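Peer 1: Questions regarding the structure given below will be posed in turn.
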Amino acid sequence: MALRNIVKVGDDVLRKVCRTQMTFDEKLWSLLDDMADTMYKAEGVGLAAPQVGILRRVCVVDIGEGLIELVNPVITEKSGFQKGNEGCLSVPDRFEEVVRPMKVTVRAQNRKGENIEIKGDGFLARALCHEIDHLDGILYIDKI
Ligand code: CO
2 MALRNIVKVG DDVLRKVCRT QMTFDEKLWS LLDDMADTMY KAEGVGLAAP
52 QVGILRRVCV VDIGEGLIEL VNPVITEKSG FQKGNEGCLS VPDRFEEVVR
102 PMKVTVRAQN RKGENIEIKG DGFLARALCH EIDHLDGILY IDKI
């Protein structure tokens, strides 16, 4: 495991649409391990692969309830809305109010390539939406 550098706003890599992750091999596992390390070290609640310069549909989330690893995540259902402050490890020292769904269902694959489904409510829904947006080059500051 290793720490990776977090790309900051202004870098084009944050604005690209990421590619589907097709292989579930040691390279992916190292990426996921490094992303979790990097997120915890930076005291974030989520990190997406483009934030470490990798244009793949991969992200990690931990809002304090355990690590969630998502490969090729897609939001399949959303309902309600919530307003709340949001930050991003790629946008230092800034917190802004963003409207997000109150509940989401996300379909993804785990590190082995198995299909998983995650249901998120409240802050978890917010974190999932934020990280999945990164995979399409969208930053939360676009939504304020
Ligand atoms: Co972010």
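In the numbering used here, the protein residues as written are 2 to 145. Cβ atoms here follow ideal geometry from the backbone N, Cα and C, with glycine treated the same way. Since this is a predicted model, take the numbers as computed values, not measurements.
Per DSSP, which one or two residues make a beta bridge with glycine 121?
Peer 2: DSSP lists Val105 as partners of glycine 121.
Peer 1: Tell me whether cysteine 89 counts as near ligand 1, meaning its Cβ is closer than 6 Å to at least one heavy atom of that ligand.
Peer 2: Yes, the Cβ of cysteine 89 comes within 6 Å of a heavy atom of ligand 1.
Peer 1: Checking the sheet assignment: what are the DSSP bridge partners for isoleucine 55?
Peer 2: The partner list for isoleucine 55 (beta bridge, DSSP) is empty, contrary to what the question assumes.
Peer 1: Mind checking whether alanine 126 and glycine 47 have CB atoms under 7 Å apart?
Peer 2: No, these two residues do not count as a Cβ contact at 7 Å.
Peer 1: If you follow the alpha helix (DSSP H) that leucine 90 is part of, which residue opens it and which one closes it?
Peer 2: Careful: leucine 90 lies outside any alpha helix (DSSP H) and carries neither H nor E.
Peer 1: In or out: aspartate 134 buried (at least 16 other Cβ within 10 Å) or exposed?
Peer 2: Aspartate 134 comes out buried.
Peer 1: Please check the pair phenylalanine 124 and isoleucine 64, which I expect to be a contact at CB under 8 Å, by giving their CB distance rounded to whole angstroms.
Peer 2: Confirmed, Cβ separation roughly 5 Å.
Peer 1: Ends of the alpha helix (DSSP H) at lysine 28?
Peer 2: Note, lysine 28: alpha helix (DSSP H), 27 to 42.
Peer 1: Roughly how many angstroms separate the alpha carbons of leucine 27 and alanine 50, rounded to a whole number?
Peer 2: According to the sequence shown, residue 27 is glutamate rather than leucine. Straight-line Cα distance between these residues: approximately 16 Å.
Peer 1: Report the partner residues of isoleucine 69 according to the DSSP bridge assignment.
Peer 2: For isoleucine 69, which the question treats as bridged, DSSP gives the partners Val62.
Peer 1: What are the partner residues of lysine 84, as DSSP defines its beta bridges?
Peer 2: DSSP output for lysine 84 lists Val100 as bridge partner(s).
Peer 1: Less than 7 Å between the beta carbons of isoleucine 7 and glutamine 52, yes or no?
Peer 2: Yes, these two residues count as a Cβ contact at 7 Å.
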